[in-house]
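Participant: Have a look at the structure that comes next, please.
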Amino acid sequence: MVRAFEAGITIGVVAPMIGMFLVVRRYSLMADTLAHVSLAGVAVGLLFSFNPIFSAIALSVCAGVGMESLRGSKRIFGESVLALFLSGSLAVAVVIISIAKGFNSSLFSYLFGSISTVSPSDVWIVLSLALIVFLNIFFLYKELFLVSFDEEVAQASGVPVRRLNLVIVVLAALAVSLSIRIVGVLLIGALMVIPVISGMQYGKGFRTTLFISIIFSLISVIVGLFSSYYFDIASGGAIVAVALIIFILSLAINPKR
Amino acid sequence: MQLAETYIELNNVSFKYDKVNVIENLTFTVRRGEYLGIIGPNGGGKTTLIRIILGLLHPTMGSVQLFGKESHDFKERYRISYVPQHSTQSELGFPATVFEVVRSGRVARLGFFQSFSRKDNDAVLKAMEVAGVTEHRNTLVGKLSGGERQRVFIARALASEPEILILDEPTVGIDIGAQKTFYEFLTSLNRKHNLTIIFVSHDVGVISKEVKTVLCLNHNLVCHGFPEDLLSESVLKELYGENVAKIKHQHV
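Right, here's the structure in full:
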């Protein structure tokens with residue numbers, strides 16, 4: 093339980109930090125797409141009996157780079173790129189799972205999150221990856237803000253837009269992969285997006301909205317993990333359900349926005 | 022009389038997009054303190070020209086020099102600020118205050134891992150004051166009117182303390198009353214602050230009235246000089262076709 097909290101709180105901070113940049117760029121489905129890609133990665137890890145987090149990271153980072161390259165080439169619409177990778181990676185995951193002779197309890201915990209299967213090494217992996225994501229966002233905040241708000245002006249200002257876009261998708265891929273133990277691949281997208289859109293209901297600036305989102309995300313994770321422990325329910329579902337309640341309350345508090 | 026310093030110099034610049042000539046053999050210079058209006062028909066290459074100057078597109082032929090340096094070697098991009106043609110809906114949902122947006126104009130002056138200093142904040146406050154958006158400092162950009170939002174984007178452009186300000190169709194989506202104030206503001210920036218301005222517009226009336234020099238572009242250079250000398254009916258016909266007549270009026 094303590095390990096689940098350590099990992100959960102870390103994820104609670106990092107997920108909305110990345111989610112914020114995805115939501116404002118109208119790229120919310122990116123998190124969900126990367127989550128489906130990481131499911132294929134988990135399936136590969138389980139098939140070949142090595143830590144599925146590493147294969148999930150490798151596959152989702154590669155997919156993130158591929159998606160950004162396709163989007164940047166402007167040969168395919170951005171949302172079509174997401175649809176392509178989302179359904180394509182799910183197909184690959186299903187095929188690999190079939191080869192491995194179907195579902196088992198281990199795969200179920202990766203799908204929906206579990207607090208009982210978090211090992212000490214998982215906690216260290218989550219902490220290290222989260223630190224990478226946090227430091228990148230902290231130091232590149234001003235450039236990421238400009239690129240998110242106005243890509244054309246950023247480019248005209250000499251900001252390396254394509255490289256920063258790649259940074260965002262790679263960080264998103266890392267955030268998704270490090271969250272799959274606690275939240276599960278099917279629900280991590282929700283944890284990255286729902287606290288952010290809840291935070292946006294309060295009509296504040298970018299930085300304040302980001303802080304509000306992190307607070308909402310942390311409340312969701314802490315209350316969700318307690319519920320998971322006491323009611324014996326999947327942690328991912330419990331966390332996202334709390335995030336949804338916060339979103340509904342935020343909408344109700346700010347009805348005119 | 023000594024000529025002012027050359028800021029932008031284009032020599033025989035051509036640009037092709039999918040084997041179609043968008044710009045052909047364009048040669049002209051922009052000097053310090055100039056207020057240049059670029060006019061031409063839709064698809065005549067105005068925005069492409071701006072994007073070439075900004076380094077967002079690379080010419081197929083010819084050379085572009087910025088402040089005496091070849092464009093591809095020019096690193097001090099903060100010296101040229103850009104206010105793009107905005108779809109007025111795009112920023113409406115973005116959770117950013119006016120201060121945050123204007124401050125992002127300083128990013129070009131700072132290196133990676135460098136945070137905003139007091140000097141940066143002072144430049145931001147000054148830009149907001151010049152653009153007249155100080156009172157909206159903590160307002161979300163999406164809450165402002167089209168005219169106010171355009172002033173915010175100009176404040177962002179001014180925040181980098183540029184020597185050239187480039188605006189692409191800046192009054193799209195702004196009502197006529199606000200447009201008049203906006204043009205007066207641009208003229209004051211040019212006169213009081215000696216800011217070099219390049220301004221793309223469809224509106225020949227505005228160009229003829231507001232700018233010091235005009236460049237008429239329809240894939241190639243149709244004319245370049247003082248508006249009162251150039252904007253004759255024959256030039257307008259060459260730019261926009263035979264169904265054009267020049268009518269003088271005073272109202273906006």
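For the protein sequence lines, the chains are H and U, in the order given. Letter by letter, the first sequence follows residues 93 to 349 of our numbering. Letter by letter, the second sequence follows residues 22 to 273 of our numbering. By construction, the Cβ of each residue, glycine as well, lies at the ideal position given by its N, Cα and C atoms.
Would you say residue 272/U faces chain H, with C-beta separation under 7 Å as the test?
Facilitator: Here the model assigns residue 272/U a pLDDT of 48, short of 50, so the residue's position is not dependable, and the following value carries that caveat. Not closer than 7 Å to any Cβ of chain H, the Cβ of residue 272/U fails to qualify, so no.
Participant: Flag residue 110/H as yes if its beta-carbon sits less than 7 Å from any beta-carbon of chain U, otherwise no.
Facilitator: With 7 Å as the cut-off, residue 110/H does not count as an interface residue toward chain U.
Participant: Can you say whether residue 239/H is buried or exposed, counting buried as having 16 or more other CB atoms within 10 angstroms of its CB?
Facilitator: Residue 239/H is buried by the Cβ-count criterion.
Participant: In this structure, does DSSP put residue 292/H in helix, strand or coil?
Facilitator: Helix, per DSSP.
Participant: Rounded to whole angstroms, what is the Cα-Cα separation between residue 267/H and residue 126/U?
Facilitator: If you take the alpha carbons of residue 267/H and residue 126/U, they lie about 29 Å apart.
Participant: Would you report the Cα separation of residue 92/U and residue 164/U, rounded to the nearest angstrom?
Facilitator: Residue 92/U and residue 164/U: Cα-Cα distance of roughly 37 Å.
Participant: Within 10 Å of its beta-carbon, does residue 322/H have 16 or more other beta-carbons around it, so buried, or fewer, so exposed?
Facilitator: Exposed: under 16 other Cβ atoms inside 10 Å.
Participant: Kindly list the residues whose CB is nearer than 6 Å to the CB of residue 180/U, restricted to its own chain and excluding five residues on each side of it in sequence; keep chain order.
Facilitator: Answer for residue 180/U: 123, 126, 127, 144, 145 and 148, listed in chain order.
Participant: Residue 241/H touches chain U at which residues, Cβ-Cβ below 8 Å?
Facilitator: Within 8 Å Cβ-Cβ: 112, 115, 117, 122 and 125.
Participant: Residue 280/H and residue 335/H: beta carbons closer than 7 Å?
Facilitator: Contact: no.
Participant: Assuming the contact rule is C-beta atoms closer than 8 Å, residue 277/H and residue 203/H should be a hit. Round their C-beta distance to whole Å, please.
Facilitator: Correct: roughly 6 Å between the Cβ atoms.
Participant: Determine whether the Cβ of residue 339/H lies closer than 7 Å to any Cβ atom of chain U.
Facilitator: With 7 Å as the cut-off, residue 339/H does not count as an interface residue toward chain U.
Participant: Answer yes or no: do residue 309/H and residue 339/H have a C-beta to C-beta separation smaller than 7 Å?
Facilitator: The answer is no: Cβ separation not under 7 Å.
Participant: What residues from chain U crowd round residue 292/H, counting only those whose CB sits closer than 7 Å?
Facilitator: Near residue 292/H (Cβ distances below 7 Å), the residues of chain U are 116.
Participant: Against chain H, which members of the region 62–79 of chain U pass a CB distance test of less than 9 Å?
Facilitator: Residues 72, 75, 76 and 77.
Participant: For residue 116/U and residue 182/H, what's the separation of their Cα atoms in angstroms?
Facilitator: About 33 Å.
Participant: Flag residue 171/H as yes if its beta-carbon sits less than 7 Å from any beta-carbon of chain U, otherwise no.
Facilitator: With 7 Å as the cut-off, residue 171/H does not count as an interface residue toward chain U.
Participant: Going along the chain, which unbroken runs of the alpha helix (DSSP H) with 4 or more residues stay wholly within the region 145–183 of chain U?
Facilitator: DSSP runs (the alpha helix (DSSP H)) wholly in the region 145–183 of chain U: 167–180.
Participant: Going by the DSSP bridge assignment, what does residue 37/H pair with across the sheet?
Facilitator: Examination of residue 37/H is not possible in this model, given that chain H is present from 93 through 349 alone.
Participant: Check whether the region 247–262 of chain H touches the region 296–311 of chain H, counting contact only when three or more Cβ pairs, one atom from each stretch, lie closer than 8 Å.
Facilitator: With the cut-off at 8 Å, the region 247–262 of chain H and the region 296–311 of chain H do not touch.
Participant: Note down, one range per segment and in chain order, each beta strand (DSSP E) of at least 3 residues found wholly within the region 309–339 of chain H.
Facilitator: Listed in chain order, there is nothing to give.
Participant: What's the C-alpha gap between residue 217/U and residue 112/H?
Facilitator: Distance between the alpha carbons of residue 217/U and residue 112/H is about 37 Å.
Participant: Who are the near neighbours of residue 337/H in its chain, counting only those whose CB is closer than 6 Å to its CB and skipping five residues on each side?
Facilitator: Cβ neighbours of residue 337/H beyond the five flanking positions: none.
Participant: Please report the Cβ distance between residue 240/U and residue 66/U, rounded to the nearest whole angstrom; I am assuming they are in contact, meaning their Cβ atoms lie under 8 Å.
Facilitator: That belief holds up - the Cβ atoms of residue 240/U and residue 66/U are roughly 5 Å apart, short of 8 Å.
Participant: Would you kindly work out how many angstroms separate the C-alpha atoms of residue 273/U and residue 155/U, rounded to a whole number?
Facilitator: Low confidence applies here, because residue 273/U scores a pLDDT of 45, under 50, leaving its location unreliable; read the following figure in that light. In a straight line, the C-alpha of residue 273/U is about 28 Å away from that of residue 155/U.
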